[in-house]
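Quick note: the sequence shown uses our numbering, first residue 111, plus one each step.
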Amino acid sequence: MLTRIEVSPDDPAFLQPEKFIGPVYQPEEQKALEAAYGWQMKRDGKYLRRVVASPQPRKILDSEAIELLLKEGHVVICSGGGGVPVTEDGQGVKR
111 MLTRIEVSPD DPAFLQPEKF IGPVYQPEEQ KALEAAYGWQ MKRDGKYLRR
161 VVASPQPRKI LDSEAIELLL KEGHVVICSG GGGVPVTEDG QGVKR
């Protein structure tokens with residue numbers, strides 16, 4: 111289950127992405143990947159990897175669904191890697 115985690119839109123982690131994700135790339139690939147996909151990349155040893163923000167969680171948004179599935183006897187795998195960060199805009203819409 112992809113678990114949505116509410117985070118603050120003002121979390122400083124959004125300004126300084128540091129969580130490594132995905133495969134490694136050669137340094138000469140950096141400019142093309144950043145231009146093509148809008149990625150931010152940092153050195154991880156002798157290679158480069160994509161980095162994303164890892165804001166502090168405030169609340170698990172799908173906790174009721176998780177509880178229901180558990181009560182029904184399902185094995186639930188959730189919140190892996192911290193979940194998908196979601197913020198709420200001024201009109202109550204989660205993004």
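No residue lacks a Cβ here, since even glycine has one placed at the ideal position from N, Cα and C. A quick note: this is a predicted structure, and the numbers were derived from the prediction, not measured.
- The C-alpha of GLU177 lies about 14 Å from the C-alpha of LEU112.
- A straight-line Cα-Cα distance of about 6 Å links PRO195 and VAL117.
- Excluding its 5 nearest sequence neighbours in each direction, ASP154 has C-beta neighbours in its own chain below 8 Å: PHE130, VAL134, listed in chain order.
- By the Cβ-count criterion, ASP120 is exposed, with fewer than 16 other Cβ atoms from all chains shown falling within 10 Å of its own Cβ.
- Around the C-beta of PRO165, 16 or more other C-beta atoms lie within 10 Å, and the residue is accordingly described as buried.
- Taking every protein chain shown into account, the CB of LEU180 has fewer than 16 other CB atoms within 10 angstroms, so this residue is exposed.
- For LEU112, the three-state secondary structure derived from DSSP is coil.
- Of GLY191, CYS188, LEU171, the smallest CA-CA separation from ARG205 is found for LEU171.
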